[in-house]
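Structure record follows, encoded as structure tokens.
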Amino acid sequence: MKQVLYLPIACLMILSVLVFGNSPVFAFEEEALMPRVEIITPGMTRTIEISQNYSSPQDFSHFLILVLGYGGLSITLRKIDTEGDLLFLTGAGVSPAGIAPIFKFGITEVTLREAVEIGNERSPYGLLWILSWVDSPVHNPPYHYTLVLSF
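Numbering that gives the first Met the number 0 applies: residue 0 is where the sequence shown begins, and numbers increase by one.
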């Protein structure tokens with residue numbers, strides 16, 4: 000019984016630290032440390048349009064996805080409007096299926112794809128933490144790109 004309760008308690012602790020943690024930030028980073036929280040269930044596809052107003056590391060996209068169900072979750076990050084920009088996708092999936100690190104990068108026009116196994120029949124839940132950003136040696140912000148989550 001103790002092992003069954005360990006993962007939900009650990010996920011709740013991580014979620015509370017990310018959402019309620021206080022840290023001083025610069026005026027232009029006012030939303031950078033607060034993640035966008037999403038809930039996704041089997042059969043759902045979520046498309047998120049992202050605008051990055053400042054260069055990295057001053058601005059990035061930060062998502063915390065609570066996954067209710069089990070199976071493969073597909074992550075697609077796409078930026079096709081300009082060429083020569085560096086696109087980064089990082090994060091981790093935490094569930095009874097294990098911890099799956101995510102790290103992909105490429106130069107636009109590119110589509111980054113990753114799949115993460117979430118949960119199992121006995122424990123159909125998990126947590127996915129995603130960070131993404133664009134860095135460009137040529138173009139100035141704002142940068143626009145798309146994140147698609149399919150479960």
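Even glycine gets a Cβ: it sits at the ideal position worked out from N, Cα and C.
Whole-angstrom distance between residue j and residue i, CA atom to CA atom
i: residue 119; j: residue 70; result: 7 Å
i: residue 80; j: residue 56; result: 21 Å
i: residue 146; j: residue 11; result: 24 Å
i: residue 133; j: residue 61; result: 13 Å
i: residue 26; j: residue 51; result: Note that residue 26 has pLDDT 42, beneath the 50 cutoff, so the model's placement of it is unreliable and the number below is only indicative. Cα to Cα, residue 26 sits roughly 15 Å from residue 51.
i: residue 121; j: residue 114; result: 21 Å
i: residue 68; j: residue 7; result: 14 Å
i: residue 128; j: residue 9; result: 14 Å
i: residue 48; j: residue 36; result: 15 Å
i: residue 45; j: residue 98; result: 22 Å
Top-ranked residue by Cα proximity to residue i, from the options
i: residue 126; options: 94, 115, 105; result: 94
i: residue 123; options: 66, 129, 142; result: 66
i: residue 43; options: 73, 143, 142, 97; result: 73
i: residue 108; options: 135, 46, 7; result: 135
C-beta atoms of residue i and residue j nearer than 8 Å
i: residue 103; j: residue 88; result: yes
i: residue 117; j: residue 96; result: yes
i: residue 59; j: residue 130; result: yes
i: residue 41; j: residue 150; result: yes
Residues near residue i in its chain [Cβ-Cβ closer than 6 Å; skip 5 each side]
i: residue 112; result: 75
i: residue 29; result: Residue confidence is low: residue 29 scores 49 on pLDDT, short of 50, so the model does not pin down where it sits. No coordinate-derived value is stated.
8 Å Cβ shell around residue i - same chain, five flanking residues per side excluded
i: residue 105; result: 85, 86, 111
i: residue 138; result: 81, 83, 84
i: residue 78; result: 84, 86, 107, 108, 109, 133, 142, 143, 144, 145
Integer-rounded CB distance, given that residue j should sit under 8 Å from residue i
i: residue 39; j: residue 64; result: 6 Å
Own chain partners of residue i with C-beta closer than 7 Å, once the 5 adjacent residues on each side are dropped
i: residue 140; result: 51, 52, 53, 54
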